[in-house]
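Numbering-wise (my numbering), the sequence shown opens with residue 837 and increments by one. Backbone N, C-alpha and C define an ideal beta-carbon position, used for all residues, glycine too. Computed from a predicted model, the values in this text were never measured in an experiment. Following: one structure in structure tokens, then a few remarks.
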Amino acid sequence: MKPLIAPSILSADFARLGEEVESVLSAGADVVHFDVMDNHYVPNLTIGPMVCQALRDYGIKAPIDVHLMVKPVDRIIPDFAKAGASIITFHPEASDHVDRTLQLIHEHGCQAGLVLNPATPLHYLDHVMDKVDVTLLMSVNPGFGGQSFIPSTLDKLRAVRKRIDDSGREIRLEVDGGVKVSNIGEIAEAGADMFVAGSAIFNADDYASVIQTMRDEIAA
Ligand code: DX5
Ligand code: ZN
């Protein structure tokens, strides 16, 4: 599958969010990664469905990848679907009924995925490989941008890559946390095909050049 670059707007200038998202998309990004934190499941508080809707109203047409770091998770799903989410991912520890939550996301017309924290075992995927469109591996502990990539994620990526290939389904393998120009090559080699990057893109002066360099590193 074509590699997708998904800038995390957590590191964007929130006072100019619409413009920031527009710039990063015209700089070549494929997907908008939208981090939702509730100060309960993770120790930080960010944005909700109103902001997703505001981006759609502003004219953003690209897919919006909503990463829910909230507990409980089910009741916010219909709101995000209505607000224009394209993909909704959640942490299995934050749902009492993982299979039901996946179904709920699909019933609302979005693609669905599970997010596994650095210490979350892969067995959460065991009985849902036929129901996920995306598997997201966290390469930092969720809650903040700008943390360092945890190297053991590479082995985990290889293991999930194998499960996806064995499933015979088209499932995205997304990685989130500490992704930079300097490590995106090895992350791609380990099997990821969707790359979230927040600080690496938004802290740069030239978004287009970072995104192009990332693509070159993925292809190398
Ligand atoms: C962390 C978020 C990430 C974060 C990534 O909990 O899920 O999406 O914004 O930021 P960087 O790329 O700076 O590690
Ligand atoms: Zn995220």
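(Q) If you measure between the beta carbons of T925 and L904, is that distance less than 8 angstroms? (A) Taking the first residue of the sequence shown as 1, we reach residue 925 at position 89. Taking the first residue of the sequence shown as 1, we reach residue 904 at position 68. For T925 and L904, yes; Cβs fall inside 8 angstroms.
Q | Bounding residues of the alpha helix (DSSP H) (the contiguous stretch that carries M965) | A | As a first step, residue 965 is located in the sequence shown; it is residue number 129 there, counting from the start. Segment: none, M965 is in no alpha helix (DSSP H) and carries neither H nor E.
Q | Helix, strand or coil at V902 [DSSP, three-state] | A | For the purposes of this step, residue 902 is taken as residue 66 along the sequence shown, with counting starting at 1. Looking at V902 - three-state DSSP - the assignment turns out to be strand.
Q: Considering only heavy atoms of ligand 2, list every residue whose Cβ is less than 6 angstroms from one of them, following chain order.
A: Put simply, the residues with a CB less than 6 angstroms from any heavy atom of ligand 2 are S844, H869, D871, H903, D1012 and V1032, in chain order.
Q.
So for M1050, helix, strand or coil by DSSP?
A. On the sequence shown, residue 1050 is found 214 positions in, with the first residue counted as 1. Looking at M1050 - three-state DSSP - the assignment turns out to be helix.
Q) With 16 other CB atoms within 10 Å as the buried threshold, where does D966 fall? A) Here residue 966 refers to the residue found at position 130 of the sequence shown. Around the beta-carbon of D966, fewer than 16 other beta-carbon atoms lie within 10 Å, marking it exposed.
Q) Can you round the beta-carbon distance between H933 and K907 to whole angstroms, since I take them to be within the 8 angstroms contact cut? A) Reading the sequence shown from its first residue, position 97 is the one you call residue 933. Reading the sequence shown from its first residue, position 71 is the one you call residue 907. Between K907 and H933 the Cβ distance is about 13 angstroms, and since that is not below 8 angstroms, they are no contact.
Q) When the distance is taken between beta carbons, is G864 closer than 8 angstroms to L891? A) Position 55 of the sequence shown holds residue 891. Position 28 of the sequence shown holds residue 864. Not closer than 8 angstroms, so no.
Q) Beta carbon of A1040, beta carbon of V1015: below 8 angstroms? A) Position 204 of the sequence shown, counted from the first residue, corresponds to residue 1040. Position 179 of the sequence shown, counted from the first residue, corresponds to residue 1015. No, these two residues do not count as a Cβ contact at 8 angstroms.
Q: Within the same chain, show all residues whose beta-carbon is closer than 8 angstroms to that of G1021, passing over the 5 residues directly before and after it, in chain order.
A: On the sequence shown, position 185 is the one that residue 1021 refers to. These residues qualify, in order along the chain: E1053, I1054 and A1056.
Q: Under 6 angstroms Cβ to Cβ from I896, same chain only, skipping five residues before and after it: list those, please.
A: For the purposes of this step, residue 896 is taken as the residue at position 60 of the sequence shown. V857, listed in sequence order.
Q: Determine the closest residue to V867 out of A930, S922, G1013 and L952, with distance taken between C-alpha atoms.
A: Residue numbering aside, residue 867 sits at position 31 when the sequence shown is read from its first letter. Of the listed residues, the one whose Cα sits closest to V867 is S922.
Q.
Considering only the alpha carbon of each residue, which of D1042, A1026, A1033 and T937 lies closest to C946?
A. Sequence index remark: in the sequence shown, residue 946 carries index 110 (1-based). The shortest Cα separation from C946 among D1042, A1026, A1033 and T937 belongs to T937.
Q.
Taking 7 angstroms as the cut-off, is the beta-carbon of S1018 closer than that to any non-hydrogen atom of ligand 1?
A. Along the sequence shown, one-based indexing puts residue 1018 at 182. It does not: the Cβ of S1018 is nowhere closer than 7 angstroms to a heavy atom of ligand 1.
Q | Complete alpha helix (DSSP H) runs within the region 899–985 (minimum length 4 residues, chain order) | A | Listed in chain order, the complete alpha helix (DSSP H) runs (minimum 4 residues) inside the region 899–985 are 913–918 and 934–943.
Q) Can you round the beta-carbon distance between V1017 and S975 to whole angstroms, since I take them to be within the 8 angstroms contact cut? A) Within the sequence shown, numbered from 1, the residue matching residue 1017 stands at position 181. Within the sequence shown, numbered from 1, the residue matching residue 975 stands at position 139. Not a contact, Cβ separation roughly 15 angstroms.
Q. Whose C-beta lies closer than 6 angstroms to the C-beta of G1034 among residues of the same chain, with five residues either side of it excluded?
A. Position 198 of the sequence shown, counted from the start, is the residue given in the question as residue 1034. When the five nearest sequence neighbours on each side are left out, the beta carbons in the same chain lying within less than 6 angstroms of the beta carbon of G1034 are those of S844, L846, S847 and G981, in order along the chain.
Q. Across which residues does DSSP place D871 in a beta bridge pair?
A. Counting from one through the sequence shown, the residue named residue 871 turns up at place 35. BP columns for D871 point to H903.
Q: Report whether the distance from the Cβ of F850 to the nearest heavy atom of ligand 1 is below 7 angstroms.
A: Mapped onto the sequence shown, residue 850 falls at position 14. Because no heavy atom of ligand 1 lies under 7 angstroms away, the Cβ of F850 does not count as near it: no.
Q) When we look at the beta-carbon of F1038 and count the other beta-carbons within 10 Å, is it buried (16 or more) or exposed? A) Within the sequence shown, numbered from 1, the residue matching residue 1038 stands at position 202. Around the beta carbon of F1038, 16 or more other beta carbons lie within 10 angstroms, which makes this residue buried.
Q | Classification of Y1043 by the beta-carbon crowding that lies within 10 angstroms, buried from 16 upward | A | Residue mapping note: residue 1043 aligns to position 207 of the sequence shown, counting from 1. Classification for Y1043: buried.
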